[in-house]
Amino acid sequence: MAPSSNNGSPLDITLVDMSGQEITKGTWNGHCKVHELYQAAYKLKPGFLCKLLDGSKVLSPQSDLASLCQSFGHLTVVWMRGAGQKQLLSDAFAAVRSDGSVVTWGRARGGGDSSHVGHRLQEGVVQVVGNGSAFAAVKSDGSVITWGRADGGGDSSGVEHQLQEGVVQVIGNGFAFAAVKSDGSVITWGNLRGGGNSFHIEHRLQEGVLQVVGNSEAFAAVKSDGSVITWGRALDGGNSSRVEHQLQEGVVQVVGNGSAFAAVKSDGSVITWGDADGGGNSSGVEHRLQEGVLQVVGNGSAFAAVKSDGSVITWGNLRGCDDSSHIEHRLQEGVVQVVGNGSAFAAVKSDGSVITWGDADGGGNSSCVEHQLQEGVVQVVGNGSAFAAVKSDGSVITCGRADGGGDSSGVEHQLQEGVVQVVGNGSAFAAVKSDGSVITWGSALDGGDSSHVEHQLQKGVVQVVGNGMAFAAVKSDGSVITWGDAASGGDSSGVEQRLQEGVIGVVS
901 MAPSSNNGSP LDITLVDMSG QEITKGTWNG HCKVHELYQA AYKLKPGFLC KLLDGSKVLS
961 PQSDLASLCQ SFGHLTVVWM RGAGQKQLLS DAFAAVRSDG SVVTWGRARG GGDSSHVGHR
1021 LQEGVVQVVG NGSAFAAVKS DGSVITWGRA DGGGDSSGVE HQLQEGVVQV IGNGFAFAAV
1081 KSDGSVITWG NLRGGGNSFH IEHRLQEGVL QVVGNSEAFA AVKSDGSVIT WGRALDGGNS
1141 SRVEHQLQEG VVQVVGNGSA FAAVKSDGSV ITWGDADGGG NSSGVEHRLQ EGVLQVVGNG
1201 SAFAAVKSDG SVITWGNLRG CDDSSHIEHR LQEGVVQVVG NGSAFAAVKS DGSVITWGDA
1261 DGGGNSSCVE HQLQEGVVQV VGNGSAFAAV KSDGSVITCG RADGGGDSSG VEHQLQEGVV
1321 QVVGNGSAFA AVKSDGSVIT WGSALDGGDS SHVEHQLQKG VVQVVGNGMA FAAVKSDGSV
1381 ITWGDAASGG DSSGVEQRLQ EGVIGVVS
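Per the numbering used here, residue 901 is the first one in the sequence shown, and the count goes up by one each step.
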């Protein structure tokens, strides 16, 4: 859209995803700030972050709508954390404010202390990404600022000159970062063995990269010609030479789990590589992965593929996650979604029922609540060792490790209705209700007990984010409330004055 000043006239704006599909549309006053559009996007995917593009230009949240838009236009939403992307558990938080500044807290070495780059985080930040060891901030001018554990991606001085402009997206794995630039090139830094060094394939990353995906210690890049380039720890998928001939064209999606990758091709087939025991070897089900695959989901070290006929295929090796034979007859049709946690899977079927398998203690055995999972489930969320199912009536059913969130009996009466979102961290859950209140359960020390901030969580919460051992809630007034392990971000008192207003999102 061409810039135009419209003196505050109403603006009809449609938000679309990168494929052009409409996400939402509405009318905003020209005097509004762009951060109101960010908030509209966040409400559609609570707990996710995004950036907004006007053509190829990243929109700053503090910009005026009137200076950017004509009377009607489309803005592109780029989600920074996809539903299928593995969440790396950190011990710090970073909050992005509407003025483009960043506030951090939690364990200093993990990114909670950004003081040495604080002067560069005062304005212009449009995206922050964490990898469990460090953070990277993308600014509106396309530059990148990093902090946190130096050998985990917090020190980008070696490639600083390449990160001065043009970056449109940053992706983290467990120990490194990869930045995709507007010209389709990729810049990497962090642990050299874990994906921070892409020198040996640098010539193949100079142009054409559309997507980069990370697992624990490797990366995979999908190019515009449908080919895939990999680097990082060889055993975890950084070396794809065994299947290189199958990755030359046609790849439309790559998914990582803890130690392997799976690529879905345009013909519906799946190619895997990485740790054989962790899902990198799918030879046992290869004949069933030749066509029809719509989605692949990973957990700690296994994969599950959903096919166009609604059936599910599993492979890998983690405490029985690759073996769904005992419930295979229930996975032959009707599956619309699969969710993984640390060591199990849960499948939601078109009739609203849920099937689980994998590590029994980690949520793979849901027999104790099976009668409550026969119908009405609209969403399942996993944490490290449990699942929480949200039903159409707003109630929540849980299974898995009792002290990790699988037992919600202590707050059961509060989970009977009105829940619109559930978020997990390492070993607890937080549910946001339609009245803006928050209910928590699971490991008390890790955020399952929010009693000391309960009075602040009675209304107004619009987003909750979890890291390894704590939670942060963003309220409608832009303030942030935290609880859980103090050192991991549950105590934000040191930056409390900067979290009273203006926060538009939190990342971990």
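All C-beta atoms in this analysis are idealised placements derived from N, C-alpha and C, irrespective of residue type, glycine included.
- [ ] Look up residue 997 in the DSSP assignment and say whether it is helix, strand or coil.
- [x] strand
TODO: Report, in whole angstroms, the separation of the C-beta atoms of residue 1290 and residue 1279, which I expect to be a contact under 8 Å.
DONE: 4 Å
Task: Cβ-Cβ distance between residue 1284 and residue 1326 below 8 Å - done: yes
Open item on the list: According to DSSP, residue 1216 sits in a beta bridge with which residue or residues?
Closed with: 1202
- [ ] Could you tell me which of 1092, 934, 1117 sits nearest to residue 1040, measuring between CA atoms?
- [x] 934
Task: CB-CB length for residue 1124 against residue 1110, believed under 8 Å - done: 6 Å
- [ ] For residue 937, I'd like the list of residues in its chain whose CB is within less than 8 Å of its CB, leaving aside the five on either flank, ordered along the chain.
- [x] If we look at residue 937 and ignore the five residues flanking it on each side, its Cβ neighbours are 913, 915, 928, 952, 959, 965, 975.
Open item on the list: Rounded to the nearest angstrom, what separates residue 1118 and residue 1355 at their Cα positions?
Closed with: Computed Cα separation, rounded: 43 Å.
Task: Minimum C-alpha distance to residue 1332 - residue among 1361, 1034, 1352, 1350 - done: 1361
- [ ] Would you be able to state if there are at least three C-beta pairs under 8 Å between the region 1381 to 1392 and the region 1362 to 1373?
- [x] yes
Open item on the list: I'd like to check one pair, residue 999 with residue 1402: are the Cβ atoms closer than 8 Å?
Closed with: yes
Open item on the list: Please give me, in chain order, every unbroken run of the beta strand (DSSP E) with length at least 3 that falls completely inside the region 1294 to 1353.
Closed with: 1296 to 1300, 1319 to 1324, 1328 to 1333, 1338 to 1342
Open item on the list: Spatial neighbours of residue 1065 within its chain, please: C-beta separation below 8 Å, excluding the five flanking residues on both sides.
Closed with: 1041, 1042, 1043
Task: Length of the line joining the Cα atoms of residue 1386 and residue 1081 - done: 37 Å
Task: Rounded separation between residue 1036 and residue 1090 - CA only - done: 11 Å
TODO: Express the C-alpha separation of residue 1242 and residue 1256 in angstroms, rounding to a whole number.
DONE: Rounded to the nearest angstrom, the two C-alpha atoms are 13 Å apart.
- [ ] Alpha carbon to alpha carbon, how far is residue 1321 from residue 1165? Give it in angstroms, no decimals.
- [x] 32 Å
- [ ] Output the distance between the C-alpha atoms of residue 1068 and residue 1107, rounded to the nearest integer angstrom.
- [x] 14 Å
Open item on the list: Please return the same chain residues whose Cβ sits closer than 6 Å to the Cβ of residue 1246, not counting the five positions on each side in sequence.
Closed with: Closer than 6 Å at Cβ, skipping near neighbours: 1239, 1254, 1256, 1280, 1287.
Task: Other residues of its chain near residue 1277: CB distance less than 6 Å, five sequence neighbours each side excluded - done: 1248, 1252, 1254, 1289, 1291
Task: Counted within 10 angstroms of its Cβ, other Cβ atoms place residue 971 as buried (16 or more) or exposed - done: For residue 971, the predicted model reports a pLDDT of 46, less than 50, meaning its position is unreliable; a value from the coordinates is still stated below. With fewer than 16 other Cβ atoms within 10 Å, it is exposed.
Open item on the list: Which residue wins for smallest C-alpha separation from residue 1296, given the options 1231, 1045, 1319?
Closed with: 1319
Task: Inter-stretch contact at 8 Å, needing at least 3 Cβ pairs: the region 1130 to 1144 / the region 1181 to 1188 - done: Between the region 1130 to 1144 and the region 1181 to 1188 there are fewer than three C-beta pairs closer than 8 Å, too few to call the two in contact.
Open item on the list: Relative to the C-alpha of residue 1012, which candidate in 1034, 1021, 1028 has its C-alpha closest?
Closed with: 1034
- [ ] Drop a sphere of 10 angstroms on the beta-carbon of residue 926, count the other beta-carbons inside from all chains shown, and report buried for 16 or more, exposed for fewer.
- [x] exposed
Task: Three-state class that DSSP yields for residue 953 in the structure shown - done: strand
Open item on the list: Quick check: what's the CA-CA separation for residue 1399 versus residue 1405?
Closed with: 11 Å
TODO: In the DSSP assignment, find the beta strand (DSSP E) that holds residue 1404 and state where it starts and stops.
DONE: Unbroken beta strand (DSSP E) run through residue 1404: 1403 to 1407.
Task: Neighbourhood of residue 909 by C-beta, 6 Å cutoff - its chain only, sequence neighbours within 5 removed - done: 930
Task: Contact test: residue 1390 Cβ vs the ligand PLP heavy atom, cutoff 7 Å - done: With respect to small molecules bound, the structure shown includes none, and the ligand PLP cannot be examined in it.
- [ ] Can you say whether residue 1133 is buried or exposed, counting buried as having 16 or more other CB atoms within 10 angstroms of its CB?
- [x] buried
Open item on the list: Could you tell me the alpha carbon to alpha carbon distance between residue 1060 and residue 1262, rounded to whole angstroms?
Closed with: Rounded to the nearest angstrom, the two C-alpha atoms are 42 Å apart.
Open item on the list: To the nearest angstrom, how far is the alpha carbon of residue 1105 from that of residue 1170?
Closed with: 23 Å
- [ ] Check the C-beta distance from residue 1002 over to residue 1025 and give it rounded, since I have them as a contact under 8 Å.
- [x] 5 Å
- [ ] Measure how close the beta-carbons of residue 1047 and residue 1016 come, nearest whole angstrom, since I'm counting them as under 8 Å.
- [x] Residue 1047 to residue 1016, Cβ: 7 Å. Contact.
TODO: May I ask you to list the residues that DSSP assigns as paired with residue 1162?
DONE: 1155, 1172
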